[in-house]
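Enquirer:
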Amino acid sequence: MRAAYLLAGASLALTSVWAVAQDAPESLLPKMFEDPAPAPAPTPTPRPQPGPGSAAGTPRSVSSPVVQALPGGTGTDAEARQESDSRLSRIPSLEELARMTPEDFEELLGSKVQFDMPPAARRSMERVGLITASEGGLPEGSLAGQNPRLVELALSSNRGTLVSRWGHILLRRALISRLQAPAGMEPQQFATLRIGLLLRMGEIDAARAVLQDIDIDNYTPTLADLAMRTYERTSDFTGLCPVLATHGSLRDDPQWDVAKAICEAFRGNSSSALSTLERDRRRGTMTNVDLLLAQKYAGAAGKTRRAVTIEWDKVKDMTPWRYGLALGVGLEPPARLMTGAGAQYAYTTALAPMVSLQDRAAATDRAGAAGILSNAAMVDLYGQIYADTGITGEWQDRAESLRDAYTLESPAARLAAMQALWNAAPGSEAAYSRRVLTAAAAARMPATDELADSAASLISSMLSAGYDANAARWSSVVEDGSLAWGLLAVGSPGRTRSVDTGDLDRFIDDDESANKRKAAFLVAGLAGLGRIDENDASRFSNDLSLNLGGTTRWTTAIDSAAERGDKASVALLAGFGMQGTNWQRMTPRYLFHIVSALRRVGFDAEARMIAAEAVSRA
């Protein structure tokens, strides 16, 4: 019966549209509501004519009204166009009507929304991004004159996993800057490359923000794919609804169709949407758990009160689609699925506000070291844990240790609280992330001889979050040639004199890291910063077999960009050269070229922090 009503209503709507193309219908209004008949025109009164002897008066200028044409042509043209648009080429059959979605009806009736903004509010694709040069971003024309092929290669070939926290931060800043596309590259393609790399880096919030800086009318099929990946990673599937409303035909696959059903539910038609999802589940268009999660997500939009049970027993792996839907409905996937899921899921967890505080804190052990989270964000998260009386045990103990690192009166007690956090870290990545967590507390410590034995750990913690001026206060306390001395040698700001090579020799002799990698990175960093002269750099390079003077296509490209003063290209190429899962993947030669290029184009602070991070984490 309901189907019959729907078909009858659709037929009535189509009949109404068909009538527009015929003669005007008879008015159904009562006579009293009809417009009155026009009054007859009054007979003009004859004007007196001048006599033969009178002169004709000077003709007066008559003002003509200035009519500005409306967008879209004259009224007659607009009416003709509207009448033409209202005509149907053919009337669909009842079977076709039964299969039509709301979007199909909109297209058929000519009421499909073409733009989501008025013309004055639409944004140009000439510059896309979040921050301008005055806000810490790159100048908007930084890449406008660069080789589009080189820019495309630097962006598309970067897998997104960088060895350096500071390299990650620099690359993120470059990618979210409001930039013009290189000449010869379409703006949509340039935006697509940047958003895709942000997603691979785990910067899902930044990727969504850049994506939302593009009007939906400017979307391409590739941008639509990125929108799907972005919104599933942020558990914001309703964010796709405006895209589907205007570009629903850009894709034709099960995920896209399921997203359409979810949006239909959130438009108020939850019963129909759930029926569609259940029909898809029975047909097996997607995995059972994927469609059940979609049903649970769509069910939150209505009052169907339909219980959906999610069973993870037969699920063998985790996907972004599953994880995004699970987080969106408040479910926590089993630990066995998350253990080997990869760093990207930890980054998503750390940024997800709907996840429990404990799970987010656990994820910060990876997200903090990678550069996803700042020191302030991590401290704020642990502050919420401390304030939550319902959280007890291990996580409450860690939050109390962090608070003690700030508030205890004795410097030795504050240091002990920080060491408790550092020593409990399960691995090197988590250990460095805990250094980021305690950076601001370490910066408050007094530089005294009593704490000199722990100076290297404190300085490493400070420099992990950029407290270089606070770290420099320890220069009079640390022992020359020690690890703390090495960190300050590359990390201190404003250093003008060269490093004493005797102290550097002592550092190399005392270095106990594998293959003396700390010493190798220190030499490379000092050479890149210009804090040892070329002769000394060459000698140390030969002694340690660093081959700092060797060249590759990449070193030639980044050196050339530095010589031109091209900050944007240097940032992109530096990110390309720092790919890897840990610092064992970085070579001293690449570090030398990265630090040198960054310094020469004005990224002095970033160059120093990357060099210090290399020495600290090697």
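Counting with mature numbering (1 follows the signal peptide of the UniProt record, and there is no 0), you get residues -21 to -1, 1 to 597 for the letters of the sequence shown.
Backbone N, C-alpha and C define an ideal beta-carbon position, used for all residues, glycine too.
#1: Would a check of beta-carbon distances place Ser103 closer than 8 Å to chain C?
#2: Please state the DSSP three-state secondary structure of Gln191.
#3: Just the C-alpha distance for Leu467 and Glu542, rounded to the nearest angstrom, thanks.
#4: According to the neighbour-count rule (16 or more other Cβ atoms, all chains shown, within 10 Å of its Cβ), is Phe12 buried or exposed?
#5: Just verifying my parser: in three-state terms, what is the DSSP assignment at Arg106?
#6: DSSP three-state label for Gly445, please.
#7: Compare the C-alpha of Arg269 against each of Gly281, Glu290, Leu73, Asp344 and name the closest.
#8: Name the two residues that bound the continuous alpha helix (DSSP H) containing Thr171.
#9: Around the Cβ of Pro425, are there at least 16 other Cβ atoms within 10 angstroms (buried) or fewer (exposed)?
#10: Assuming Gln375 is part of the alpha helix (DSSP H), what are its boundary residues?
#11: Short of 8 Å in beta carbon distance, which residues of its chain neighbour Arg138, apart from the five on each side in sequence? Order them along the chain.
#12: CB Leu430 to CB Val469, shorter than 8 Å?
#13: Under the three-state reduction of DSSP, which class applies to Gln558: helix, strand or coil?
#14: Report the rounded CA-to-CA distance for Leu272 versus Pro233, giving the unit in angstroms.
#15: Determine the DSSP secondary structure at Leu256, reduced to helix, strand or coil.
#16: Look at the alpha carbon of Ala590 and the alpha carbon of Asn126, and state the distance between them as a whole number of angstroms.
#17: Kindly indicate which three-state DSSP category Leu73 falls into: helix, strand or coil?
#18: Buried or exposed: where does Asn561 fall if 16 or more other Cβ atoms within 10 Å of its Cβ makes it buried?
#19: Quick one: grab the DSSP three-state call for Ser113.
#20: Please return the same chain residues whose Cβ sits closer than 6 Å to the Cβ of Leu501, not counting the five positions on each side in sequence.
#21: Counting pairs of Cβ atoms below 8 Å between the region 373 to 386 and the region 100 to 108, do you hit three or more?
#22: State buried or exposed for Pro97, treating a residue as buried only when at least 16 other CB atoms are found within 10 Å of its CB.
#23: When the Cα atoms are used, what is the spatial distance from Arg496 to Arg564?
#24: DSSP three-state call for Ser548: helix, strand or coil?
#25: Would you decide whether Arg578 is buried or exposed? Buried here means 16 or more other CB atoms lie within 10 Å of its CB.
#26: For Pro161, collect the residues of the same chain with a Cβ closer than 6 Å to its Cβ; drop the 5 residues on either side in sequence, then sort them by chain order.
#27: Per the DSSP calculation, Ser156 is bridged to which residue(s)?
#28: Considering only C-alpha positions, which residue in the set Ala170, Ala597, Thr427, Thr534 is nearest to Phe555?
#29: What do you reckon, are the CB atoms on Ala240 and Leu256 nearer than 8 Å?
#30: Measuring only the C-alpha atoms, how far is Gly247 from Arg144?
#31: So, using beta-carbon positions, are Leu381 and Leu400 closer together than 8 Å?
#32: In whole angstroms, give me the CA-to-CA distance for Glu522 and Asp490.
#33: Leaving out the 5 sequence neighbours to the left and right, which residues in its chain are closer than 7 Å to Ala325 when beta-carbon positions are compared?
#34: Suppose the cutoff is 7 Å on Cβ atoms and the five residues either side in sequence are ignored; what does the same chain contact list for Thr298 look like?
#35: Is Ile351 near Glu211, with beta carbons less than 8 Å apart?
#36: In the DSSP assignment, what residue or residues form a beta bridge with Leu141?
Expert: Judging by the given coordinates:
#1: Any reference to chain C falls outside this structure, which holds one protein chain only.
#2: Within the sequence shown, residue 191 is the residue found at index 212, counting from 1. Correct three-state label for Gln191: coil.
#3: On the sequence shown, position 488 is the one that residue 467 refers to. On the sequence shown, position 563 is the one that residue 542 refers to. Roughly 27 Å separates the two Cα atoms.
#4: Within the sequence shown, numbered from 1, the residue matching residue 12 stands at position 33. Confidence at Phe12 is low in this model, with a pLDDT of 39, below 50, so the placement of that residue is unreliable and no value is reported for it.
#5: As a first step, residue 106 must be located in the sequence shown, where it is residue number 127. DSSP places Arg106 in strand when its eight states are reduced to three.
#6: On the sequence shown, position 466 is the one that residue 445 refers to. Of the three classes helix, strand and coil, the one that applies to Gly445 here is coil, per DSSP.
#7: The sequence position of residue 269 within the sequence shown is 290, counting from 1. Correcting the residue type first, residue 269 is Asp in the shown sequence and not Arg. If we check each option's Cα against that of Asp269, Glu290 comes out closest.
#8: For the purposes of this step, residue 171 is identified with residue 192 of the sequence shown, where counting begins at 1. Start and end: 166 to 180.
#9: Residue 425 sits at position 446 when you count from the first residue of the sequence shown. Classification for Pro425: exposed.
#10: Position 396 of the sequence shown, counting from 1, holds the residue named residue 375. First-last of the alpha helix (DSSP H) with Gln375: 373 to 386.
#11: Stepping through the sequence shown from its first residue, residue 138 is reached at position 159. Closer than 8 Å at the Cβ level, and outside the excluded window around Arg138, lie Arg179, Gln558.
#12: Stepping through the sequence shown from its first residue, residue 430 is reached at position 451. Stepping through the sequence shown from its first residue, residue 469 is reached at position 490. For Leu430 and Val469, no; Cβs fall outside 8 Å.
#13: Indexing the sequence shown from 1 puts residue 558 at position 579. If DSSP states are grouped into helix, strand and coil, Gln558 belongs with the strands.
#14: By one-based count along the sequence shown, residue 272 stands at place 293. By one-based count along the sequence shown, residue 233 stands at place 254. Rounded to the nearest angstrom, the two C-alpha atoms are 14 Å apart.
#15: Sequence index remark: in the sequence shown, residue 256 carries index 277 (1-based). In this structure, Leu256 counts as helix in the three-state DSSP scheme.
#16: On the sequence shown, position 611 is the one that residue 590 refers to. On the sequence shown, position 147 is the one that residue 126 refers to. For Ala590 and Asn126, the distance between alpha carbons rounds to 29 Å.
#17: Here residue 73 refers to the residue found at position 94 of the sequence shown. DSSP places Leu73 in helix when its eight states are reduced to three.
#18: On the sequence shown, position 582 is the one that residue 561 refers to. So Asn561 ends up on the exposed side.
#19: Stepping through the sequence shown from its first residue, residue 113 is reached at position 134. Reduced to three states, the DSSP call for Ser113 is helix.
#20: The sequence position of residue 501 within the sequence shown is 522, counting from 1. Gly465, Val594, listed in sequence order.
#21: no
#22: As a first step, residue 97 must be located in the sequence shown, where it is residue number 118. The residue is exposed, with fewer than 16 neighbouring Cβ atoms inside 10 Å.
#23: Position 517 of the sequence shown holds residue 496. Position 585 of the sequence shown holds residue 564. Approximately 11 Å between the Cα atoms of the pair.
#24: Counting from 1 along the sequence shown, the entry for residue 548 is found at position 569. Three-state result, Ser548: helix.
#25: Counting from one through the sequence shown, the residue named residue 578 turns up at place 599. The residue is buried, with at least 16 neighbouring Cβ atoms inside 10 Å.
#26: By 1-based counting over the sequence shown, the position of residue 161 is 182. Within the same chain, Pro161 has close Cβ partners Leu122, Gln125, Pro127, Val130.
#27: Stepping through the sequence shown from its first residue, residue 156 is reached at position 177. Paired residue(s): Ile110.
#28: As a first step, residue 555 is located in the sequence shown; it is residue number 576 there, counting from the start. With distances taken between Cα atoms, Phe555 lies closest to Thr534.
#29: Mapped onto the sequence shown, residue 240 falls at position 261. Mapped onto the sequence shown, residue 256 falls at position 277. Contact flag set, yes.
#30: Working through the sequence shown from its first residue, we reach residue 247 at position 268. Working through the sequence shown from its first residue, we reach residue 144 at position 165. C-alpha separation (whole angstroms): 45 Å.
#31: Residue 381 sits at position 402 when you count from the first residue of the sequence shown. Residue 400 sits at position 421 when you count from the first residue of the sequence shown. Contact: yes.
#32: In the sequence shown, the residue the question calls residue 522 occupies position 543. In the sequence shown, the residue the question calls residue 490 occupies position 511. Note that residue 522 corresponds to Asp in the displayed sequence, not to Glu. The straight-line gap from Cα to Cα measures roughly 14 Å.
#33: Taking the first residue of the sequence shown as 1, we reach residue 325 at position 346. Closer than 7 Å at Cβ, skipping near neighbours: Ala342, Arg345, Ala346.
#34: On the sequence shown, position 319 is the one that residue 298 refers to. Answer for Thr298: no residue qualifies.
#35: For the purposes of this step, residue 351 is identified with residue 372 of the sequence shown, where counting begins at 1. For the purposes of this step, residue 211 is identified with residue 232 of the sequence shown, where counting begins at 1. Not a contact, by the Cβ cut-off of 8 Å.
#36: Looking up residue 141 in the sequence shown gives position 162. Leu141 pairs with Gln558.
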